[in-house]
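Read the structure below first, then the notes.
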Amino acid sequence: MSYVRVMVNEGPLTSAEVMRLFNKNSKPLFEQHKKDKTLKSYSVVQVSDHKGLLIMEFDNKSKMNKFLKTMAAHRNQVAAETGMQWWIYHGPVKASG
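For the sequence shown, my numbering puts the final residue at 681, and the numbers step up evenly by one.
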């Protein structure tokens, strides 16, 4: 059963500024986690000029927890530097039918 984690972010920076920072600082970390098979997939969605979503999919809960432990310091650093806030939702994805 896979797990999905959705981060809703809001902050004073515009979406263009956030994407520049994401591509420079965060994307290499996400790509490394994909290469290591900790992270199955991710996508970034712009909701409005100061809000966005980061959707991440994991094969199982243990891989999600491993990812979270390694990314916590980076997330806290980004929050401190940019003034962004996050709301996080996660849970299992069950097959229907």
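Ideal Cβ placement from N, Cα and C applies to all residues, glycine included.
On a predicted model such as this, the values are computed, not experimentally measured, just so you know.
Alpha carbon to alpha carbon, how far is residue j from residue i? Give it in angstroms, no decimals.
i: I672; j: E665; result: 19 Å
i: R634; j: K608; result: In the sequence as presented, Arg is not what sits at residue 634; that position holds His. Approximately 19 Å, taken between the alpha carbons.
i: F614; j: K647; result: 13 Å
i: E601; j: P676; result: 32 Å
Should residue i and residue j be called a contact, given that it needs their Cβ atoms to be closer than 8 Å?
i: V588; j: E641; result: yes
i: S685; j: G636; result: Coverage of the chain is limited to positions 585 through 681, which leaves residue 685 absent and any answer about it impossible.
i: E594; j: M668; result: yes
i: K624; j: D643; result: yes
i: F606; j: V628; result: yes
So what does DSSP say about residue i, is it helix, strand or coil?
i: P676; result: strand
Beta-carbon of residue i versus every beta-carbon of chain B: anything under 8 Å?
i: V631; result: Structure shown: chain B not included; a single protein chain is present.
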